[in-house]
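Undergrad:
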Amino acid sequence: MLPKAIFKLLDDDSGIGSVVADRISPYVRNREDEFPCIVYTIDNQETTKASDLATLLTRSDVTVTALARSMITAENVGSAIASAVTFSTPTTKEGVCMLSSNIQSIRRDFGDPFDGSTDLVYRVHVETSIFT
């Protein structure tokens, strides 16, 4: 299951773990999670036949977002995310063989944290395509 595999890919990365610990969640930030944290979404999945016409390949467009109270921390977590989700050697997580992953874009913004605080949250969105 790809959502679990993405979680494991991020959670196993020492650069990410040293900053966000286990505050990684799919689709929405848990309200009780402190900052910094990571939220990831699977935006689109498309299955095609490989050049041998027998093998099915799936491209999953994934956005992994670093959320932090400071721009510097968001940038540091974003850099760790970019490193973790860029690979060309197959890796298996949670039974899912991920063949490769390449970054499509990196965006930055800020906004309301939706936790009752008046402090803003800085976000770095790493958009990648994962091939399985």
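The opening position of the sequence shown corresponds to residue 22 in my numbering, with each subsequent residue numbered one higher.
For each residue, glycine too, the CB sits at the ideal point set by N, CA and C.
#1: Quick test of your reading: I102 and I37, contact by CB under 8 Å. State the CB separation rounded to the nearest angstrom.
#2: Check this for me: beta carbons of S81 and T153, under 8 Å apart or not?
#3: Determine the closest residue to R144 out of V41, L88, M22 and A26, with distance taken between C-alpha atoms.
#4: Cβ of V15 within 8 Å of Cβ of V147?
#5: Taking only three categories from DSSP, how would you classify T112?
#6: Please state whether DSSP places A101 in a helix, a strand or coil.
#7: Can you name, in chain order, every residue of its own chain whose Cβ lies under 7 Å from the Cβ of I63, other than the five neighbours on each side?
#8: Taking all protein chains shown into account, do 16 or more other C-beta atoms lie within 10 angstroms of the C-beta of A75, making it buried, or fewer, making it exposed?
#9: Kindly indicate which residue of V98, T113 and V142 has the alpha-carbon position closest to the one of S35.
#10: Could you have a look at S141 and say whether DSSP puts it in helix, strand or coil?
#11: Can you tell me the Cα-Cα spacing of E53 and K70, whole angstroms?
#12: Can you name, in chain order, every residue of its own chain whose Cβ lies under 8 Å from the Cβ of G132, other than the five neighbours on each side?
TA: Taking the structure as given:
#1: Confirmed, about 7 Å.
#2: For S81 and T153, yes; Cβs fall inside 8 Å.
#3: Per the Cα distances, L88.
#4: Because the chain here runs from 22 to 153, residue 15 falls outside it and cannot be looked at.
#5: It is a strand residue.
#6: Correct three-state label for A101: helix.
#7: Taking I63 as the centre and dropping the five residues before and after it, the same chain places the C-beta of L23, P24, S81 and V83 closer than 7 Å to its C-beta, in chain order.
#8: With fewer than 16 other Cβ atoms from the protein chains shown falling within 10 Å of its own Cβ, A75 counts as exposed.
#9: Comparing C-alpha distances from S35 to each of V98, T113 and V142 shows the shortest one belongs to V98.
#10: Per the sequence shown, the amino acid found at residue 141 is Leu instead of Ser. Coil at L141, not helix or strand.
#11: If you draw a straight line from the Cα of E53 to the Cα of K70, it comes to about 43 Å.
#12: If we look at G132 and ignore the five residues flanking it on each side, its Cβ neighbours are L141, V142 and R144.
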